[in-house]
Amino acid sequence: MSLLTLENLSVTFGKFRAVDNISYSVKEGEVLGIVGESGSGKSVSSLSVMGLIDYPGEVSADNLSFADQDLLSMPEKQRRKITGSDIAMIFQDPMTSLNPCFTVGYQIIEALKTHDGGNKKVLRARALELLNLVGIPAPESRMNAYPHQLSGGMSQRVMIAIAIACNPKLLIADEPTTALDVTIQAQIIDLLIDLQKQKQMGLVLITHDLALVAEVAHRVVVMYAGQIVESGPANEVFSTPRHPYTQALLASLPESASGKARLEALPGVVPGQYDRPQGCLLSPRCPYATDHCRHVAPDSQGSLERQVKCHTPLDAQGRPAA
Amino acid sequence: MLSFVLRRLLQAVLVLLTISFASFMIQGKLGDPVRQMVGTSVSVEQREALRDELGLNDPTLVQYGRFLGQALQGDLGTSYYYKESTLTVIANRLPATLELSFCALVLVIVMATPLGVFAAINPKNWLSRSILLFSTLGLSIPIFIVAVFLMYFFAIEWRLLPSFGRGDTTQVLGLWQSGLFNKDGLMHLLLPSVSLAFVMTPIFIRLIRAEMIDVLQSDYIRFAWSKGISAPRIYFIHALKNTMLPVITVGGIQTGTLIAYTILTESIFQWPGMGFLFMDAVTRVDAPLISAYLIVVGLIFVVTNTLVDVVYGLVNPRVRIPGYSA
Ligand SMILES: Nc1ncnc2c1ncn2[C@@H]1O[C@H](COP(=O)(O)OP(=O)(O)OP(=O)(O)O)[C@@H](O)[C@H]1O
Ligand code: SF4
Ligand SMILES: [Mg+2]
Numbered sequence: 001m002s003l004l005t006l007e008n009l010s011v012t013f014g015k016f017r018a019v020d021n022i023s024y025s026v027k028e029g030e031v032l033g034i035v036g037e038s039g040s041g042k043s044v045s046s047l048s049v050m051g052l053i054d055y056p057g058e059v060s061a062d063n064l065s066f067a068d069q070d071l072l073s074m075p076e077k078q079r080r081k082i083t084g085s086d087i088a089m090i091f092q093d094p095m096t097s098l099n100p101c102f103t104v105g106y107q108i109i110e111a112l113k114t115h116d117g118g119n120k121k122v123l124r125a126r127a128l129e130l131l132n133l134v135g136i137p138a139p140e141s142r143m144n145a146y147p148h149q150l151s152g153g154m155s156q157r158v159m160i161a162i163a164i165a166c167n168p169k170l171l172i173a174d175e176p177t178t179a180l181d182v183t184i185q186a187q188i189i190d191l192l193i194d195l196q197k198q199k200q201m202g203l204v205l206i207t208h209d210l211a212l213v214a215e216v217a218h219r220v221v222v223m224y225a226g227q228i229v230e231s232g233p234a235n236e237v238f239s240t241p242r243h244p245y246t247q248a249l250l251a252s253l254p255e256s257a258s259g260k261a262r263l264e265a266l267p268g269v270v271p272g273q274y275d276r277p278q279g280c281l282l283s284p285r286c287p288y289a290t291d292h293c294r295h296v297a298p299d300s301q302g303s304l305e306r307q308v309k310c311h312t313p314l315d316a317q318g319r320p321a322a
Numbered sequence: 001m002l003s004f005v006l007r008r009l010l011q012a013v014l015v016l017l018t019i020s021f022a023s024f025m026i027q028g029k030l031g032d033p034v035r036q037m038v039g040t041s042v043s044v045e046q047r048e049a050l051r052d053e054l055g056l057n058d059p060t061l062v063q064y065g066r067f068l069g070q071a072l073q074g075d076l077g078t079s080y081y082y083k084e085s086t087l088t089v090i091a092n093r094l095p096a097t098l099e100l101s102f103c104a105l106v107l108v109i110v111m112a113t114p115l116g117v118f119a120a121i122n123p124k125n126w127l128s129r130s131i132l133l134f135s136t137l138g139l140s141i142p143i144f145i146v147a148v149f150l151m152y153f154f155a156i157e158w159r160l161l162p163s164f165g166r167g168d169t170t171q172v173l174g175l176w177q178s179g180l181f182n183k184d185g186l187m188h189l190l191l192p193s194v195s196l197a198f199v200m201t202p203i204f205i206r207l208i209r210a211e212m213i214d215v216l217q218s219d220y221i222r223f224a225w226s227k228g229i230s231a232p233r234i235y236f237i238h239a240l241k242n243t244m245l246p247v248i249t250v251g252g253i254q255t256g257t258l259i260a261y262t263i264l265t266e267s268i269f270q271w272p273g274m275g276f277l278f279m280d281a282v283t284r285v286d287a288p289l290i291s292a293y294l295i296v297v298g299l300i301f302v303v304t305n306t307l308v309d310v311v312y313g314l315v316n317p318r319v320r321i322p323g324y325s326a
């Protein structure tokens, strides 16, 4: 069953479309990797799922639903009940995402209390259990620690503990390791994948790390300038990319010694608010761009299972269709 | 924490030394103590002798050293006008000023916090805009206009409140003349403390609003929202505590502004406090009293700021508890 469904979701800030008509779905127990260069709308689209887009941002969609409940039309209060319990999110910078004025224990217990309730003793025991679960040594003493007493890796573990406190069915992780030391990154990813398997959560993993996505994701969404240019099962997308952008990303992979390719495959940068080109947004950087591309924006082709947004999707040999 | 306290103490000593030197120099420039002590009938030679005796012909630094030594023993000189120890004169007026400042401060906190928070939470609301407009205007309205305005309506037109003096006082703990414990005293306190609060509130509204807006955009507030916590909890528990930290610090610095405003307020309402005393001392060129006032005020300033730092340290876990080091 589909856990989260987005159909033609857009997020606009005034005239600027930070997220432009994207559609994807996440099933129970599925890992969805979202990749794309900086500014491609990965964070904004996830925040819109959490209901965290502030004024002046506006979210519109033909359908934004979680477990068949329409998130956009439900009352604010009901939505807040789902956020933090059924859908949880962890953020990029663990050192700034915990409130500096409150202890670790307080912040975990607060999440538990908000959604599940219970008396002090039970809550405390559950918080300790969670700290254990995310691999924090000596959890008893960590309960009373303040965020500034923790390292980045520890903070991220605490944030994960808070996010999974109410057994979410879906966890969105927005570049959960970008701010951490390389040695810690793998540990955090292992922890996330372990938890995902153990609890059979849906996991949306936003990252710049293509190699990681290839390793852990069931499905992939590739974003560019607010749009989904390609999506599909991970093995298909990685073996036979159908969009020139994906192809370029993958081409850059083996060259990086560490296997952690940053997404700088094509010359140029993602167009921002003021320099979006006419026609296909990739056309200034696309090696296959034609005049047609520069004037007419391509539609999404295919189904939700396997979509590609290009006039001339690539064939199995990686050549543009005639 | 210990080095923090030591550093703070050293700073305090330096500030006090500077103030004491400044007030010593002012005292030296204001009038001639010998003239104050003896009439014009005394001959020039006799005066010179008296000057020698008083040490007024010694090098400045020696005189300052003596001044400092006496100050450390609690002797800040004798007022020309009251013919009494300046410290005693000031101490008698201290309760009036402290009570006025205290009440004004309470009013400021009670008004500025909800207004500042409201304006930060609802930036588009017309009420928020009015609050902001009021605080902008309030910043530029001089206190005497506020005071005279209030006095005119409440004391003269409507005869609701007394316009000057402190009213009845009660003796508290044997040495403190307080106006807080009887109706007459409180009535007298109302207009001056409201005027004083009125000019201090806008600064704090703006400060709290600005800090709160900053805090509300922080990562930890976004994460708190993502936990599904209720809005009041986010605003008043998660955000407010972080907002108040910088506000406490600025509050300490604003002590100086508050002291300056007490001088004006007390003069307008003839409030028998230190500020009023100071104005009198200036008119009478009562040099020892002026310099004693400056030193006492400096002391108050330093003490409040140190207290504020300590409170800040107690509230802020990042100061209280050493952090993680990689
Ligand atoms: N509050 C906002 N107001 C206006 N524009 C915004 C706002 N938040 C994000 N944007 C814009 O939306 C676009 C997408 O931003 P987003 O943060 O989703 O990118 P991202 O893919 O997450 O990038 P990164 O990899 O750097 O995290 C960017 O151009 C950004 O400038
Ligand atoms: S539509 Fe044209 S420019 Fe856009 S990706 Fe396809 S080939 Fe490239
Ligand atoms: Mg992002």
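If you read the sequences in order, they're chains E and A.
First residue of the first sequence? That's 1 in the UniProt record's numbering, and the numbers climb one at a time after it.
First residue of the second sequence? That's 1 in the UniProt record's numbering, and the numbers climb one at a time after it.
Just so it is clear, CB atoms sit at the ideal spot from N, CA and C, and this is done for glycine as well.
Please read all numbers here as calculations on a predicted model, not as lab measurements.
Close-in-space but distant-in-sequence residues of the same chain around residue i (CB under 8 Å, 5 per side omitted)
i: leucine 54/A; result: Pro33, Val34
i: aspartate 181/E; result: Gly152, Gly153
i: asparagine 99/E; result: Gln107, Pro147
Three-way DSSP call (helix, strand, coil) for residue i in this model
i: aspartate 280/A; result: helix
i: tryptophan 225/A; result: helix
i: glutamine 227/E; result: strand
i: leucine 264/A; result: helix
i: isoleucine 206/E; result: strand
i: methionine 89/E; result: strand
i: alanine 173/E; result: strand
i: glutamine 73/A; result: coil
i: phenylalanine 4/A; result: helix
i: isoleucine 164/E; result: coil
i: glutamate 37/E; result: coil
i: threonine 88/A; result: helix
i: arginine 17/E; result: strand
i: proline 233/E; result: strand
i: lysine 83/A; result: coil
Minimum Cβ-Cβ distance from residue i to chain B less than 8 Å
i: aspartate 219/A; result: Checking the listed chains, one finds no chain B in this structure; the protein chains it contains are E and A.
Cβ shell of residue i (< 6 Å), same chain only, five flanking positions each side left out
i: glycine 31/A; result: Val285, Ala287
i: phenylalanine 236/A; result: none
i: glycine 259/E; result: In this predicted model, glycine 259/E has a pLDDT of only 44, less than 50, meaning its place in the structure is not dependable; the value taken from the coordinates is given anyway. Hits under 6 Å: Ala211.
i: tyrosine 80/A; result: Gln36, Asp286
i: isoleucine 172/E; result: Ser46, Met89, Val204
Residues near residue i in its chain [Cβ-Cβ closer than 7 Å; skip 5 each side]
i: valine 302/A; result: Ala12, Val15, Leu16
i: aspartate 315/E; result: Ala321
i: phenylalanine 16/E; result: Gln273
i: leucine 150/A; result: Leu191, Val194, Ser195
i: leucine 264/A; result: Ile143, Phe144
i: glutamine 270/A; result: Phe164, Gly165, Phe276
i: alanine 292/A; result: Leu76, Gly77, Thr86, Leu87, Ile90
Neighbour list for residue i in chain A, Cβ cutoff strictly below 8 Å
i: glycine 84/E; result: Ser226, Lys227, Gly228, Ile229
i: leucine 52/E; result: Arg222, Trp225, Ser226
Within chain E, the residues that residue i reaches when beta carbons sit closer than 8 Å
i: isoleucine 248/A; result: Going along chain E, no residue has its Cβ under 8 Å from isoleucine 248/A, so there is no contact; the nearest lies around 13 Å.
i: arginine 318/A; result: Pro100, Tyr146, His148
Listed by chain order, chain A residues near residue i by CB distance under 9 Å
i: arginine 124/E; result: Going along chain A, no residue has its Cβ under 9 Å from arginine 124/E, so there is no contact; the nearest lies around 18 Å.
i: phenylalanine 13/E; result: None at all; the shortest Cβ gap to chain A is about 15 Å.
i: phenylalanine 91/E; result: Asp219, Arg222, Phe223, Ser226
i: lysine 309/E; result: Correct list: empty, because the minimum Cβ distance to chain A is about 29 Å.
i: alanine 18/E; result: Those do not exist, as alanine 18/E stays about 16 Å from chain A at its closest Cβ, beyond 9 Å.
Under 9 Å by beta carbon: chain E residues contacting residue i
i: isoleucine 321/A; result: Ala145, Tyr146, His148, Gln149
i: arginine 129/A; result: Under the 9 Å cutoff, chain E gives no residues; its nearest Cβ is about 15 Å from arginine 129/A.
i: asparagine 242/A; result: Asn99, Pro100, Cys101
Neighbouring residues, chain E, relative to residue i (Cβ below 7 Å)
i: tyrosine 324/A; result: His148, Gln149, Leu150, Ser151
i: histidine 238/A; result: Asn99
Residue i Cβ short of 7 Å to ligand 5 heavy atom set
i: threonine 290/E; result: Ligand 5 is absent from the structure shown, which contains only ligand 1, ligand 2 and ligand 3.
Reference residue i, options the options, closest by Cα
i: aspartate 54/E; options: Pro271/E, Met89/E, Glu37/E, Phe13/E; result: Phe13/E
i: residue 358/E; options: Lys121/E, Val216/E, Asp116/E; result: Limits of chain E in this structure are 1 at one end and 322 at the other, which puts residue 358/E out of reach.
i: valine 222/E; options: Leu131/E, Met143/E, Ser300/E, Arg294/E; result: Ser300/E
i: leucine 173/A; options: Asn316/A, Tyr152/A, Pro95/A, Gln217/A; result: Pro95/A
i: leucine 4/E; options: Val44/E, Ser60/E, Asp68/E; result: Asp68/E
i: methionine 50/E; options: Ala111/E, Cys101/E, Arg80/E; result: Arg80/E
Residues that residue i contacts on chain A, provided the C-beta gap is smaller than 7 Å
i: threonine 114/E; result: Lys227, Gly228, Ile229
Original post:
So which residues touch the region around ligand 3, with touch meaning a C-beta under 7 Å from any heavy atom?
Top reply: Output, sorted by chain position: Lys42/E, Ser43/E, Gln92/E, Asp174/E, Glu175/E, Ile206/E.
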